[in-house]
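Protein chains in written order, with my numbering: chain A, 333 to 745; chain B, 333 to 745; chain C, 333 to 745.
Positions of the beta carbon are idealized from the N, C-alpha and C atoms, including for glycine.
It should be emphasised that the depicted structure is a prediction, and the values quoted were computed from it without experimental measurement.
Data block below; observations after.
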């Protein structure tokens, strides 16, 4: 039986992709310029290319394989992740060009890395709706979210003159709340009784572990790649230590909070990353290793508890079905990092007035980010509900078969 | 029942490997020299070691896991890939030494990378006969093809004074046509009705996706590692953009050309790489990002259509069974890159005479490469047909059991 | 039925982890200092960060996935590996700080890499008891072994003034003998008839292959990262060549020694690394490529034969059940590297007295290392036998279910 919505990919996905791609090529043809000077601001290329590749590996392999755990949705998870990533990166290059360079799209390693960071916020969000959207919807999400995130960066710069790093690292909070709103609006009746296919098996769990490992290993590059040379190594060590502490703490809290006193695989895959998120958000004010480690400790506690209780609570009480629990993985640690940033900065201020001024600015920047992400999430969610995109039927959720042809699949599973 | 050809590995593979390896050691003992000076031509080591490792990861992990998709042939695919890679690299180091350094085998990062590029052409070719050859045959292929490829580089240099990069990047065309010829000569009757074991399952498909991701991510390093410093970053960005465009385009064309309007996994694994191939072949004349993106677009279209129609057509009409469809993955995009090179170079010529001269040279270099690859492929194919190597029986094709002992394999699946 | 030892994780693992982690944070708060100067000894950061990430990938991905081959123990293998790695690294940072910097924990890339090398010796040892210990025991092992290994480094420095590289590269010998002793003391009756669950399947075998590939690829970084700039590239090439030779030789010997003349997957996963081990131990005296290649050849022969015969012999004759055969993978090649070091150094000595003096020193350093590793292994083994840690029951060995909760595991395997 041919599924009813089968044509949707042909008549919607293919034209959308082709139009977008041709549009991007035309825009690049008129506005893009290669910054081929090896030394940008006296920094030789070798300093940043390996880190660019680390960030690249996180975006493509890390996020791509982290989401393969669903037993029947692994191909879609990894391939759509790639598709979303390349579209979001191209759009982010263009929009960042408009923001910084007066309409010129400058291509250098820094601009590529910055574009991939905007992409990361999209990859976080789509974790919340993993398995419940079709690729057309995913591409719309990526277009709207990249625009929203860059708008947010721009607003923060205009209104509050925030540091570049702080504005970019808002990606965790932005992505998490965007995804949260999205999945709340796209709620499907019956999600309380878990979907039949929303399961993992031992092998897909291992693929997911592989993705986690890539994220975990390369997070120090992610947090330090855009930091100035003097503080770059500090950011790297801080992130490394915070991640190490997170791994230990997540295991401990997972066991403590388990009714049977056992470890939970999802916690060992998501919560061990919490330290990287939190330190990333507060990286510009961390000066001591123990600060990073304490933040990593707290982030892992918050994240694991969020995974254990918040996810289920949100589903039952708020009808918000967050497949990858991005709110607990990126949202709560991100907020904690924000708080740590506030406290550490105030501690460093000699002056009362400056401290208060900073606090007001910092709180405003959070409020702006959350407001923008929630409102962009709402707009996107409402747009995606339109029947035009042929949303996946409930019984076809979490299933590769809706999108892939398998001519030569072995019969044995 | 002990399979009849079981002894072949012991009496053929083991002596061949040992003899080859001892021979290589002796040659290295007399002729190899470490170029331990950190700065070769004023270029510090740090500039190229990370990229060397990226190329290494492509050869070992990328190609190795890309070929694991066959459900019963994953161990052989990844392990034989490694075996072929290390033998081909050692031979390429020796032959490149003869070519460039008057019989001295110089060991530095550039010579290692160059040897791995020669190896890449072998790894491409063996994709065409994947599952249908035994390891002895694979090693013979690697010896003959490396020799052929280096002969080709040498002929191009002597006759046409081609650029090093252009001569090396002919590897895609050389490898594809070599593999094509090989699999045509080694055709097995009955291939039209797909072999029973020539299938993938969901987990091996994911391993294959992993290999693809490594190739996709690190391709910018592959295309730029040997480029001079001034143009290195440009080659990197071009490749990155071309790959991004390829991914989007391959998805679109795959859906458009599918009878059911669905995506095809093989296309999302092979055709997203087409942009990297095409830009690699034409990298020395690409100056604008949009040129790279357009080439990536065209390459993905050609490659996906090739996968959809050409592979089956070649099997039924020409009796050529190309397991990994290397002709569509590397051959057609390579030719397209060659064409783009020609057009872009002519566009840049101010002078009519120079343009014609270049065109003649460029066409000659293609003809030489194709002729040499087809004739070396023919020679190799005929040699492999000799019964001495005990070719794998038809019913043991695509099966690990012919080559591996499994004493403690779990009974379940 | 709730397993009887289920509570052990909650009441033992969680408090242990939390106490350790909080303790580490407090120690770091008082003694750690970031060495944020980019140039340590005139060496720019870019020279070593990519290699640090390679070593990191080996520790986390390489060792983690190498051990996933057991069909029901993959989650534990990869996750416990991470847990042990981060705890061992933090402890090693602290103890190295006490050793070198008079109580100051200096954080820079070199100290991180050195800490990860100490960690590597633990990751080797736990391969010997893979599947037969609970996480509490693994953490005790990591604490005791890191202390033992750093004690060994310190003793070698005080007594024999050994080179830093030689002292660190003793990690293979130290780890292998420590693990050997450990598994001998923790012997479980009935191990002669292989445990029911001590098996691999085709997919876990591939994950294991993935881990191997990461180790194999990045081994040149592992052996060269701490070497001084002038000799760094030489160490890299030597390791690369030795690994290439090992891969070829291991395949040949595996086929030769197989009753059916077939390849063995375990050999292709462990023995291809033997060259890296042996060259690592002798790296400071290797000046010619052929020396490295010959060492790689001999190491692969020894390691493969060890795998084929020694493992079974040790189990039946000595009642020592070494799950990953670390004695053959790291122990024998390590000893061979030690011997090669001795012979090459003596060959280079002009003077008889100096040669004898070196030989005495070199033999003493081996004896010290083995004595310390065996005695620390004995102490650790005896400590682990205490019932307090609730050792895993025999029938729950090699089984994830003892440690993990699986709420949403798909029923289909």
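beta-carbon residue i near the ligand FAD non-hydrogen atom, thresh 7 Å
i                     : result
residue 429 (chain A) : As for the ligand FAD, it is missing from this structure, which has no ligand bound.
Close beta carbons around residue i, own chain, < 7 Å, minus the five adjacent residues each side
i                     : result
residue 616 (chain A) : 495, 497, 498
residue 583 (chain C) : 595, 600
residue 359 (chain C) : 426
residue 424 (chain C) : 447, 450, 451, 478, 482
residue 708 (chain A) : 476, 477, 480, 510
residue 421 (chain B) : 447, 448, 451
residue 443 (chain A) : 425, 428
residue 372 (chain C) : No answer about residue 372 (chain C) holds up, because its pLDDT of 49 lies below 50 and its placement is not dependable.
residue 713 (chain C) : 513, 514, 517, 518
Span of the alpha helix (DSSP H), counted from its first residue to its last, around residue i
i                     : result
residue 600 (chain B) : 597-602
residue 490 (chain B) : 467-492
residue 686 (chain B) : 684-717
residue 364 (chain C) : Element bounds for residue 364 (chain C): not the alpha helix (DSSP H) but the beta strand (DSSP E), 364-366.
residue 384 (chain A) : 381-389
residue 425 (chain A) : 406-432
Own chain partners of residue i with C-beta closer than 8 Å, once the 5 adjacent residues on each side are dropped
i                     : result
residue 565 (chain B) : 556
residue 361 (chain B) : none
residue 486 (chain A) : 431
residue 558 (chain A) : 442, 445, 446, 449, 496, 497, 500
residue 694 (chain C) : 670, 673, 674, 677
Chain-order list of residues whose beta-carbon lies under 6 Å from that of residue i (same chain, five-residue window excluded)
i                     : result
residue 665 (chain B) : 606, 609, 610, 631, 635
residue 747 (chain C) : With chain C running from 333 to 745 in the structure shown, residue 747 (chain C) is simply not present.
residue 657 (chain C) : 639, 643
residue 618 (chain C) : 570, 624
residue 663 (chain C) : 508
residue 347 (chain B) : none
residue 726 (chain A) : 520
residue 350 (chain C) : none
residue 375 (chain B) : Reliability of the predicted coordinates at residue 375 (chain B) is poor, the pLDDT of 49 falling under 50, and the value obtained from them is presented with this limitation in mind. Nothing listed; no residue qualifies.
residue 501 (chain C) : 612, 613
Whole-Å CB distance - residue i paired with residue j, under 8 Å assumed
i                     : j                     : result
residue 612 (chain C) : residue 575 (chain C) : Not quite, the Cβ-Cβ distance comes to about 11 Å (not below 8 Å), so this is no contact.
residue 435 (chain B) : residue 543 (chain B) : Contact doesn't hold; Cβ gap of about 37 Å is too wide.
residue 437 (chain B) : residue 365 (chain B) : 7 Å
residue 389 (chain B) : residue 399 (chain B) : Not confirmed; about 15 Å, so no contact.
residue 407 (chain A) : residue 429 (chain B) : In fact, because the Cβ distance is near 44 Å, the residues do not count as touching under 8 Å.
residue 740 (chain C) : residue 531 (chain A) : 5 Å
residue 614 (chain C) : residue 669 (chain C) : 4 Å
Delimiting residues of the beta strand (DSSP E) encompassing residue i
i                     : result
residue 345 (chain B) : Here residue 345 (chain B) belongs to no beta strand (DSSP E), and DSSP marks it neither H nor E.
residue 393 (chain C) : Note, residue 393 (chain C): premise wrong, no beta strand (DSSP E); not H, not E.
residue 437 (chain A) : 437-439
Interface partners of residue i on chain A, CB under 7 Å
i                     : result
residue 439 (chain C) : 569, 621
Interface partners of residue i on chain C, CB under 7 Å
i                     : result
residue 600 (chain A) : 411
residue 647 (chain A) : Residues of chain C passing the Cβ test: none, with the nearest at roughly 13 Å.
residue 587 (chain A) : 341, 342, 345, 346
Interface partners of residue i on chain B, CB under 9 Å
i                     : result
residue 719 (chain A) : None at all; the shortest Cβ gap to chain B is about 18 Å.
residue 444 (chain C) : Those within 9 Å of residue 444 (chain C) in chain B number zero; the least Cβ separation is about 18 Å.
Neighbour list for residue i in chain B, Cβ cutoff strictly below 8 Å
i                     : result
residue 421 (chain A) : 576
8 Å Cβ cut-off: residues of chain C touching residue i
i                     : result
residue 641 (chain A) : In chain order: nothing, as chain C lies at least about 14 Å away.
Contact set between residue i and chain B, taken where Cβ atoms lie within less than 7 Å
i                     : result
residue 535 (chain C) : 535
field: Uninterrupted alpha helix (DSSP H) stretches inside the stretch 601-675 of chain C (no shorter than 4 residues)
entry: The qualifying runs are 606-614, 621-637, 643-650.
- prompt: At which residue ranges does the stretch 494-533 of chain B contain complete alpha helix (DSSP H) runs of 4 or more residues, listed in the order of the chain?
  reply: Those alpha helix (DSSP H) runs which fall completely within the stretch 494-533 of chain B and span 4+ residues are 496-501, 503-517.
- request: Report the residue ranges of all alpha helix (DSSP H) runs contained in full by the stretch 551-589 of chain C; include only those spanning at least 4 residues, in chain order.
  value: Along the stretch 551-589 of chain C, the alpha helix (DSSP H) occurs as fully enclosed runs of 4 or more residues at 561-588, listed in sequence order.
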